[in-house]
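The next block holds one structure in the form of structure tokens; read it before the comments.
Numbering (the numbering used here), first residue to last: 283 to 364.
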């Protein structure tokens, strides 16, 4: 038979693991919770907001969403890149 080598992974989510879809769903939930428009492809997320002059609510949604995503990712040993 074939022999597959194993390696120890300290951090991250191995490709094909059951954690990938779970973390993906959690990320979508957090973004939607803050009413932000988004585009996600694989492990890349883009957040969009439309802001009118003097509209502080839109910016506060974004500034609340990013720390929530970062906290969630870091608690799962993942890194939010900018």
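Backbone N, C-alpha and C fix where the C-beta goes; we use that ideal spot for every residue, glycine too. Here the structure is a predicted model, which means the values were calculated and not measured.
Separation of residue j from residue i, as counted between CA atoms
i, j, result
"residue 311", "residue 358", "16 Å"
"residue 348", "residue 290", "30 Å"
"residue 336", "residue 329", "20 Å"
"residue 356", "residue 304", "15 Å"
"residue 363", "residue 302", "17 Å"
Exposure label - residue i; buried when at least 16 CB within 10 Å
i, result
"residue 322", "exposed"
Residues bridged to residue i (per DSSP)
i, result
"residue 327", "322"
Sequence-distant residues of its chain with Cβ nearer than 8 Å to residue i (five each side left out)
i, result
"residue 331", "318, 319, 340, 341, 343, 344"
"residue 316", "343, 344, 346, 347, 350"
Close beta carbons around residue i, own chain, < 7 Å, minus the five adjacent residues each side
i, result
"residue 308", "354"
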